[in-house]
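K.L.:
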Amino acid sequence: MKISVNSISSDQARSLPDGKFGFGRIFSNHMLTRTFTDETGWQDAEIQPYGPIPMNLSMSVLHYGQEIFEGTKAYRRPDGKINLFRIDQNIKRFNRSAVRMELPIMDEEEHLEAIVSLIELDASWVPDSPDSSLYIRPTLVSSENTIGSLNANEALFFILLSPVDPYFATGFNPISVFVEDEYVRAVRGGVGEAKTGGNYAASLHATDKAIKAGYKQVVWLDAIERRYVEEMGGMNICFVYGNKLVTSPLTGTILPGITRDSLLILAQDLGYETEERMIDIHELIADIKSGVCTEAFACGTAAVIAPIGKLGYKGEDVIVNNNEVGAMTRHLYDELTGIQFGRIPDRFGWTLQIG
Ligand SMILES: Cc1ncc(COP(=O)(O)O)c(C=O)c1O
Numbered sequence: 011m012k013i014s015v016n017s018i019s020s021d022q023a024r025s026l027p028d029g030k031f032g033f034g035r036i037f038s039n040h041m042l043t044r045t046f047t048d049e050t051g052w053q054d055a056e057i058q059p060y061g062p063i064p065m066n067l068s069m070s071v072l073h074y075g076q077e078i079f080e081g082t083k084a085y086r087r088p089d090g091k092i093n094l095f096r097i098d099q100n101i102k103r104f105n106r107s108a109v110r111m112e113l114p115i116m117d118e119e120e121h122l123e124a125i126v127s128l129i130e131l132d133a134s135w136v137p138d139s140p141d142s143s144l145y146i147r148p149t150l151v152s153s154e155n156t157i158g159s160l161n162a163n164e165a166l167f168f169i170l171l172s173p174v175d176p177y178f179a180t181g182f183n184p185i186s187v188f189v190e191d192e193y194v195r196a197v198r199g200g201v202g203e204a205k206t207g208g209n210y211a212a213s214l215h216a217t218d219k220a221i222k223a224g225y226k227q228v229v230w231l232d233a234i235e236r237r238y239v240e241e242m243g244g245m246n247i248c249f250v251y252g253n254k255l256v257t258s259p260l261t262g263t264i265l266p267g268i269t270r271d272s273l274l275i276l277a278q279d280l281g282y283e284t285e286e287r288m289i290d291i292h293e294l295i296a297d298i299k300s301g302v303c304t305e306a307f308a309c310g311t312a313a314v315i316a317p318i319g320k321l322g323y324k325g326e327d328v329i330v331n332n333n334e335v336g337a338m339t340r341h342l343y344d345e346l347t348g349i350q351f352g353r354i355p356d357r358f359g360w361t362l363q364i365g
């Protein structure tokens with residue numbers, strides 16, 4: 011694959027803004043695009059200034075939502091270099107999502123080369139503040155100009171870069187969450203384990219309901235019995251039982267989170283036990299009340315770990331760990347962010363250094 015580079019002119023180039031970035035509202039100077047057609051396969055990639063592209067409103071993704079994406083981050087190391095974290099896993103998950111959504115897969119090496127080339131060009135956009143990072147958003151959409159064909163004969167791949175602060179403006183502090191027992195996120199056999207836009211669009215109404223009721227996020231239950239805890243918003247969910255980290259199994263409805271997987275490995279390495287099992291919401295509430303379950307948190311790339319201090323379920327609020335960050339939650343957070351930012355040695359070979 012060739013990558014042609016059309017750099018932004020120096021008078022139009024912007025610098026990383028000072029101060030707060032928020033999450034996903036600011037984009038770096040460049041973006042990468044690459045097209046696919048059934049006849050030609052994948053074309054060469056192009057890096058160009060970030061900005062609008064010409065498109066027809068008949069583009070099929072706008073009608074049928076045939077799209078997938080990934081979310082990963084570049085972290086500034088203390089030595090000034092840049093770390094990517096388990097990027098190979100994001101690239102593999104991207105192709106799994108592509109298969110599920112009938113989009114073309116991309117060679118893993120070429121995908122990595124595209125990400126690294128773009129980051130090298132916009133390296134100054136990786137913040138050096140301790141909690142901030144550069145969010146990387148590879149996306150693939152069906153781009154054929156038709157509202158009649160349901161197969162992507164043409165597809166558009168692109169990568170955007172966005173400097174971000176911690177996902178929750180409250181930082182690493184407990185949030186309150188609402189256990190949703192009416193709306194569901196995903197059903198077995200559906201597309202819950204694919205990172206596709208429809209899953210997120212489908213979650214908006216329930217999230218809005220939770221926010222209006224004074225909570226930050228929704229905890230999803232399984233779609234059949236509304237009984238087993240699956241995920242929290244766009245994150246996986248974990249509970250601490252004494253020395254054990256417990257999380258829901260990957261049953262096909264849950265996104266297989268890379269943070270979740272990393273925490274299971276890390277926890278074992280740190281001497282904790284881990285268990286993947288169905289988590290019955292009634293048992294969980296009883297376990298929190300009786301003090302058997304001592305900590306709760308959600309995990310994902312955006313927030314890394316979000317401690318949970320309050321769970322609202324069927325009109326009752328249950329407080330977890332006195333609404334404070336628990337010891338295992340903090341330990342895992344410090345270790346994982348330490349590896350991601352290169353503050354502690356990476357004993358797992360998870361990071362790829364750039365620069
Ligand atoms: C629905 C959902 N679950 C879980 C996760 C966590 O996945 P990861 O740790 O790979 O970011 C995400 C974020 O990507 C998500 O969107």
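Here the working numbering = 1-based position in the sequence shown + 10.
The C-beta atom is built at its ideal place from N, Cα and C for all residues, glycine as well.
To the nearest whole angstrom, what separates the beta carbons of Glu-345 and Leu-280, a pair I think is in contact under 8 Å?
P.N.:
Residue 345 sits at position 335 when you count from the first residue of the sequence shown. Residue 280 sits at position 270 when you count from the first residue of the sequence shown. Yes, Glu-345 and Leu-280 are in contact; Cβ-Cβ is about 7 Å, under 8 Å.
K.L.:
Between the C-alpha atoms of Glu-285 and Gln-22, what's the straight-line distance to the nearest angstrom?
P.N.:
By 1-based counting over the sequence shown, the position of residue 285 is 275. By 1-based counting over the sequence shown, the position of residue 22 is 12. Near 52 Å, if we compare the C-alpha coordinates of Gln-22 and Glu-285.
K.L.:
Taking DSSP's pairing of strands, which residues face Met-41 in a bridge?
P.N.:
Numbered from 1 along the sequence shown, position 31 holds the residue referred to as residue 41. Answer is Gln-58, bridged to Met-41.
K.L.:
For Asn-253, which option in Leu-94, Thr-50, Glu-118 and Gly-336 has the closest C-alpha, if you only look at C-alpha atoms?
P.N.:
Along the sequence shown, read from residue 1 onward, the residue named residue 253 stands at position 243. For Asn-253, the nearest C-alpha among the options comes from Gly-336.
K.L.:
Excluding sequence positions up to five away, which residues of its chain have a Cβ less than 7 Å from the Cβ of Arg-353?
P.N.:
By 1-based counting over the sequence shown, the position of residue 353 is 343. Result list for Arg-353: Pro-88, in chain order.
K.L.:
Label Met-245 either buried or exposed according to how many other C-beta atoms from any shown protein chain fall within 10 Å of its C-beta, with 16 as the threshold for buried.
P.N.:
To locate residue 245, count along the sequence shown from 1; it is residue 235. Counting C-beta atoms within 10 angstroms of its own C-beta, Met-245 has 16 or more neighbours from the protein chains shown and is therefore classed as buried.
K.L.:
Can you give me the C-alpha to C-alpha distance between Asp-297 and Glu-283, rounded to a whole angstrom?
P.N.:
Walking along the sequence shown from the start, residue 297 turns up at place 287. Walking along the sequence shown from the start, residue 283 turns up at place 273. Taking the straight line from one Cα to the other gives about 18 Å.
K.L.:
For Cys-248, which residues of its own chain have a beta-carbon under 8 Å away from its beta-carbon, when the five flanking residues on both sides are left out?
P.N.:
If you number the sequence shown from 1, residue 248 lands on position 238. Counting only Cβ-Cβ distances below 8 Å, and skipping sequence neighbours, we find Leu-255, Val-256, Thr-257, Arg-270, Leu-273, Ala-306, Phe-307, Ala-308 and Cys-309.
K.L.:
For Phe-351, which residues in the same chain have their Cβ closer than 6 Å to its Cβ, ignoring the five residues on either side in sequence?
P.N.:
Residue 351 sits at position 341 when you count from the first residue of the sequence shown. The residues are Tyr-85.
K.L.:
Taking 7 Å as the cut-off, does the CB of Glu-241 come closer than this to any heavy atom belonging to ligand 1?
P.N.:
Locating residue 241 in the sequence shown gives position 231, counting from the first residue. Flag set: Cβ of Glu-241 near ligand 1.
K.L.:
Looking at the secondary structure, which residues open and close the alpha helix (DSSP H) in which Tyr-177 lies?
P.N.:
The residue given as residue 177 occupies position 167 in the sequence shown. It is not in any alpha helix (DSSP H) - Tyr-177 carries neither H nor E in the DSSP assignment.
K.L.:
Please list, in chain order, all residues of the same chain as Asp-132 whose beta carbon is under 6 Å from its beta carbon, the five residues on each side excluded.
P.N.:
Here the question's residue 132 lines up with position 122 in the sequence shown. Excluding residues within five positions, the ones whose Cβ falls inside 6 Å are Ser-38, Asn-39, His-40 and Leu-171.
K.L.:
Would the region 61 to 79 and the region 106 to 113 be scored as touching if the rule is three or more Cβ pairs under 8 Å?
P.N.:
yes
K.L.:
Can you tell me the Cβ-Cβ gap for Lys-226 and Ser-186, rounded? I've got them flagged as a contact below 8 Å.
P.N.:
As a working note, residue 226 is residue 216 in the sequence shown. As a working note, residue 186 is residue 176 in the sequence shown. Contact holds; Cβ gap of about 6 Å.
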